[in-house]
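Each remark here refers to the structure printed beneath this line.
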Amino acid sequence: MPSKPKAGLGAAAKQRHTIDEGLARMAQSANPGEEQEMADITTPSMLELKTLILEGNKAITEKIDGVATTVALIQQNLDKMWEKVKGLVNRTNGLEENLTAHANRLTDHERCLQMQEAKLVDLEDRSQCNNICILGLPEGTETTLTEQFLESWKPTELLGLGGEEGLHVDRAHRTPGGKPKQGALLWMLIDRQLRKKDKLRILTAAHVQGNAAYNGNSISFYYGTATQKKWICFVEVEKKLQERGLAYSLLLLAWLRVDLG
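Numbered per this note's numbering, the sequence shown spans residues 13 to 273.
Structure, rendered in C-alpha cells:
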C-alpha cells in the first residue's frame, strides 16, 4: 500500500514520494507471480538434507574407488615392467661378463699364439743355424744316402780335424730346383749338423785350412743362406761402427755384439 506523505514536507519531498510509489506499483505489475513463487518454496527438512549428503558421499566414494582400482592396475603393470627391466639388466650384465671373459681368453690365446710363433721362429733359426752349405761335390758322389755319406767322411782326412768324435748329420740334401744345366754352378748340398759344435768345428777348420779337396774336387764350406741373409742386414751398421772405431763381432744366430770399451 502507498504510504501517505508526512505532514510538513515541502513540494520537492512530496514529488519524490510520489515517484517512489509509482516505481513500486510498476514493479508489482511486472512480476505479479514472484511473490507467489516465493511463497511456494518450502524449506527442506534435516532428514532430506542428510539423505542428499549421504547420496553425494556415496557417489564420490564410488568414483574414488574406481580411480583407486585404476591406479592399482597401473601399479601392477609398472611392477611387471620393472621385473622385466631387472631381468634384462641382469641378462645384459651376464653378457658383459661373458664378453669380458671371452676377451680375456682371447687375449690369453693371442699371447700363447705369439709365444708359439716366437718358439717356431726360434726353432727355424736354430735349425737353419746348423746348416752348412757345401759347394764342389759333383752329383753322384754320394752313392748312398746323403746323411750316411757325409757321416762316413773322416774329419782328419777332409779338414785335418783331430779327435775320434765323428760327425752327426741330422739331415742333408741337394738344394731344391733340380739338377743345374751343363756349365752352370755346381749343385749345392746343404748339410744340417745335429750339434752346433760340429758345424763350428767344420767351418773353423775350413777357414783355417782354406780349400779342402775330395777325390780331386775342390770343396768349399760356408754358412747357410739364411744366416748370410741376416748378416747382410748388418752391413750398414758395420760401416758406421768402423767409421767410429768401435769393436764389434757377428755371432750366430746373426747377433751383433758391440764392444763399448
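For glycine and all other residues, C-beta sits at the position ideal for the given N, C-alpha and C. Owing to the predicted nature of the structure, the values given are computational and were not obtained by experimental measurement.
For residue i and residue j, which I take to be in contact (beta-carbon distance under 8 angstroms), what is that distance rounded to the nearest angstrom?
i	j	result
residue 212	residue 233	Their Cβ separation, rounded to whole angstroms, is 11 angstroms, which puts residue 212 and residue 233 out of contact at 8 angstroms.
residue 6	residue 231	There is no way to answer for residue 6, as the model of the chain reaches only from 13 to 273.
residue 270	residue 260	5 angstroms
Count the other C-beta atoms from every protein chain shown that fall within 10 angstroms of the C-beta of residue i, then say buried if there are 16 or more, exposed otherwise.
i	result
residue 115	exposed
residue 7	Since the first residue of the chain shown is 13 and the last is 273, residue 7 is not available in this structure.
residue 77	exposed
residue 107	exposed
residue 210	buried
residue 84	exposed
residue 242	buried
residue 225	exposed
residue 149	buried
Quick check on residue i: does DSSP put it in helix, strand or coil?
i	result
residue 89	helix
residue 197	Reliability of the predicted coordinates at residue 197 is poor, the pLDDT of 46 falling under 50, and the value obtained from them is presented with this limitation in mind. If DSSP states are grouped into helix, strand and coil, residue 197 belongs with coil.
residue 245	coil
residue 272	coil
residue 227	coil
residue 117	helix
residue 149	coil
residue 142	coil
In terms of alpha-carbon separation, which member of the options lies closest to residue i?
i	options	result
residue 183	73, 142, 253 and 63	142
residue 219	228, 235, 227 and 104	235
Skipping 5 residues on each side, what residues in its chain have a beta carbon closer than 6 angstroms to that of residue i?
i	result
residue 168	Residue placement at residue 168 cannot be trusted, given a pLDDT of 49 that sits under 50; what the coordinates show is reported in the next sentence. Excluding positions up to five away in sequence, the list is empty.
residue 67	none
Starting from the C-beta of residue i, find all residues in its chain whose C-beta is less than 7 angstroms away, skip the five residues before and the five after it, and write them out in chain order.
i	result
residue 87	none
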